[in-house]
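First the structure, in the form of structure tokens, and then the observations on it.
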Amino acid sequence: MRVLAIETSCDETGLAVLDGTLEGNKTVFTVVANQLLSQAEMHAEFGGVFPNLAKREHLKNLPILLQALLGDLLPDTEQSLDAIVVTAGPGLEPALWTGIEFAKRIGTAWGKPVFAVNHMEGHLVSSLANKTTEHAFGLEGIEFPVLGLLISGGHTEFVLMKDWFSYEILGQTLDDAIGEAFDKVARMLGLPYPGGPHISKLAEQARVADAKIEVSAAKQKGMEQKSGLPEEGDPRTFDTGLSVKRLPRPMLQMPNCDFSFSGLKTSVLYQVRDLGGTDSLTNEQKLAFAREFEDAVTEVIVSKTRRALEQTDAKVFVIGGGVAANSHIRMALQAMIADEFPNTQVRLPELSITGDNAIMIAEAGLMHLLKGDWSLETPPTDIAAKGTWSVAAALPQPLS
Ligand code: KG4
Ligand code: ZN
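So the number in the working numbering is just where the residue sits in the sequence shown, counting from 1, plus 3.
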């Protein structure tokens, strides 16, 4: 089965052609061609994604990327396609429509059925697959229930996957998404959009700096004890942890799987303001904020994941979405689960596919087609953009 996938839900324009085969319980996805263009730099000056700019750029880039994609393929490859799959939501509606209209036009021109894919399902399915070769992903050994934690610029939610295509939302953010909080805090610290990777980098630098201090403090303490000198005060001269006040760990005590990040973000805002604003922050203070913020969100994520795993007895745990690239969160989750839920298998997405791309959309679409959930003979009669389409909502196809 071969599909062309189109992704335009946010600020990445993605096109990909993938082959999918189902052998017993194993699915193999082969990436035949892939094109991805990020608009992040353009949106950087707005400090976030500007929907109409995203729409304009998608409109401009889609035909260019299609040409590039076809150039990477054998002539007449379009004839070998079985279907076109396109992200229909959730996302920015003006941006989603550009992909949908484009998909419909190609579908009509090439005589191929068009199917709508849920963007979050794309993150989920692609995160479950392992990279097996440079151009292939394998999906096997999935035992249900699967607990998915989707963390991106627009979402923060636990999805319980009871079986293929059967989803239940166990908990979600009540306000900002985690990636949005990363981006807004980054902006307060004077870091460019998208801020997640920048915060993560500074937080890591802070941890290294603090670890060095701890080592030198321990050494000094050892020398003092050996020499019989009295122990003096803390020998630390630079400790990022001392530069900012502790941030809250929101919703930690609430006995549910919901999140809230807006208070945490506001807490950073007030502290930054008390310190004289973004431009007055020292490098040390920026490092300290980055570390404290990342520690706070990680603690909340780990604690809520523990709760969700206790509730569900999931056989597999998987994370997906742009924030799933965060190494501190990945390591903390892995360590907690290995320690407390040794029977739960952890799946972490390949870093190359954590951000938005068309490969993940192709994989989700191919799963539906290969498992017989969608039929090539009965494609949806119409596809519309659904900005808030939940992965757990009834799928809008086949409509006929
Ligand atoms: O899934 P994604 O590419 O787009 C949406 O569907 O939203 O996620 C983008 C989000 C941005 O907020 C970005 O700052 C965040 O993912 N992000 C990170 C990291 N890499 C990307 N957040 C924290 N740490 C990272 N390493
Ligand atoms: Zn996404």
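Every residue gets a Cβ at the ideal spot worked out from N, C-alpha and C, and that includes glycine. All values derive from a computational prediction rather than experimental measurement.
By Cβ distance below 8 angstroms, which residues in the same chain neighbour residue i in space, the five residues on each side in sequence not counted?
i, result
"threonine 136", "none"
"glycine 390", "Gly92, Pro93, Gly94, Leu95, Glu96, Leu99"
"leucine 446", "One cannot answer for residue 446 here, as it falls past the ends of the chain, which runs 4 to 403."
Regarding residue i and ligand 2, is the C-beta to nearest heavy atom distance less than 7 angstroms?
i, result
"aspartate 359", "yes"
"histidine 126", "yes"
"serine 155", "yes"
"histidine 46", "no"
"histidine 122", "yes"
The alpha helix (DSSP H) that contains residue i, what's its start and end?
i, result
"lysine 165", "Counting along the chain, lysine 165 falls outside any alpha helix (DSSP H), though it belongs to the beta strand (DSSP E) covering 159 to 166."
"glycine 175", "Sequence check: residue 175 is glutamine here, not glycine. Where glutamine 175 is concerned, there is no enclosing alpha helix (DSSP H), although the beta strand (DSSP E) it sits in stretches over 169 to 175."
"glutamine 337", "330 to 343"
"threonine 285", "Counting along the chain, threonine 285 falls outside any alpha helix (DSSP H), and DSSP gives it neither H nor E."
"alanine 407", "Lying outside 4 to 403, the shown extent of the chain, residue 407 is not represented and no answer is given."
"glutamine 274", "265 to 277"
"valine 188", "181 to 191"
"glutamate 81", "80 to 83"
"arginine 252", "It is not in any alpha helix (DSSP H) - arginine 252 carries neither H nor E in the DSSP assignment."
"isoleucine 145", "It is not in any alpha helix (DSSP H) - isoleucine 145 carries neither H nor E in the DSSP assignment."
Please determine, among the options, the residue with the shortest C-alpha to C-alpha distance to residue i.
i, options, result
"isoleucine 356", "Gln38, Val52, Pro54", "Gln38"
"aspartate 213", "Arg294, Asp79, Gly27", "Arg294"
"valine 247", "Ser219, Gln288, Val34", "Gln288"
"glutamate 48", "Glu26, Val394, Asp186", "Asp186"
"glutamate 146", "Asn64, Ala311, Val349, Leu245", "Val349"
"valine 149", "Val211, Met45, Lys107, Glu124", "Glu124"
"phenylalanine 105", "Pro195, Ala8, Asn346", "Ala8"
"threonine 308", "Lys268, Phe262, Gln274, Glu380", "Phe262"
"glycine 144", "Ser155, Leu152, Leu153, Ala132", "Ala132"
"valine 89", "Leu76, Gln208, Arg108", "Arg108"
"methionine 254", "Thr315, Arg310, Trp167, Ala395", "Arg310"
"arginine 404", "Gly193, Ala43, Leu62, Arg59", "The structure shown has nothing for residue 404, since the chain only spans 4 to 403."
"tryptophan 377", "Trp167, Ile103, Glu44, Trp113", "Trp167"
"glutamate 171", "Leu177, Gln208, Glu160", "Glu160"
"threonine 111", "Leu127, Gln82, Leu290", "Gln82"
"isoleucine 340", "Glu313, Lys58, Pro200", "Glu313"
"proline 197", "Gln337, Ala328, Pro258", "Ala328"
"glutamate 207", "Ile332, Asn346, Glu380", "Ile332"
"glycine 174", "Lys165, Leu153, Met191", "Leu153"
State yes or no: is the C-beta of residue i within less than 8 angstroms of the C-beta of residue j?
i, j, result
"glycine 17", "aspartate 359", "yes"
"histidine 283", "serine 203", "A small fix is needed here, since residue 283 is serine in this sequence, not histidine. Taking 8 angstroms as the Cβ cut-off, serine 283 and serine 203 do not qualify as a contacting pair."
"alanine 86", "proline 116", "yes"
"phenylalanine 292", "aspartate 179", "no"
"alanine 189", "arginine 252", "no"
"serine 84", "leucine 369", "Checking the sequence, you will find leucine at residue 84 rather than serine. Contact: no."
"glycine 114", "glycine 156", "no"
"glutamate 366", "phenylalanine 32", "yes"
"isoleucine 362", "valine 34", "yes"
"leucine 326", "asparagine 121", "Just to set this straight, residue 326 is valine in the shown sequence, not leucine. No, Cβ-Cβ distance for valine 326 and asparagine 121 is not below 8 angstroms."
Verify the contact flag: residue i, CB atom, against every heavy atom of ligand 1, threshold strictly below 7 angstroms.
i, result
"serine 203", "yes"
"valine 326", "yes"
"aspartate 329", "The sequence as given places asparagine at residue 329; aspartate does not occur at that position. Checking the Cβ of asparagine 329 against ligand 1 gives yes."
"proline 200", "yes"
"glycine 92", "no"
"glutamate 2", "The chain is shown from 4 up to 403; residue 2 falls before or after that span and cannot be answered."
"phenylalanine 264", "no"
"phenylalanine 185", "yes"
"cysteine 13", "yes"
"proline 485", "No information on residue 485 is available, as it lies outside the stretch 4 to 403 that the chain covers here."
Which two residues bound the contiguous beta strand (DSSP E) that contains residue i?
i, result
"aspartate 22", "15 to 26"
"phenylalanine 32", "29 to 41"
"alanine 132", "Premise fails: alanine 132 is in no beta strand (DSSP E) and is neither H nor E."
"alanine 119", "117 to 121"
"leucine 65", "Where leucine 65 is concerned, there is no enclosing beta strand (DSSP E), although the alpha helix (DSSP H) it sits in stretches over 54 to 74."
"threonine 357", "Taken as a continuous stretch (DSSP letters only), threonine 357 belongs to no beta strand (DSSP E), as it is neither H nor E."
"leucine 141", "One detail in the question is off: residue 141 reads as glycine in this sequence, not leucine. Taken as a continuous stretch (DSSP letters only), the beta strand (DSSP E) holding glycine 141 covers 139 to 142."
"threonine 11", "Looking at the DSSP string, threonine 11 is not in any beta strand (DSSP E), and its letter there is neither H nor E."
"alanine 91", "86 to 92"
Does residue i have its Cβ less than 8 angstroms from a Cβ in chain E?
i, result
"serine 283", "Included in the structure is just one protein chain, with no chain E present."
Cutting at 6 angstroms between CB atoms, please list the residues of its own chain near residue i, excluding the five before and the five after it.
i, result
"alanine 387", "none"
"alanine 335", "Thr301, Val305"
"proline 238", "Low confidence applies to proline 238: its pLDDT is 37, below 50, so where it sits in the model is not reliable, and the reading given next is rough at best. Around proline 238: Ala220, Gln223."
"glycine 141", "Val31, Asn133, Thr135"
Near residue i, which residues of its chain fall below 7 angstroms by C-beta distance, leaving aside the five closest residues on each side in sequence?
i, result
"serine 41", "Asp14, Glu15"
"lysine 45", "Contrary to the premise, residue 45 reads as methionine rather than lysine in this sequence. If we look at methionine 45 and ignore the five residues flanking it on each side, its Cβ neighbours are Leu56, Glu60."
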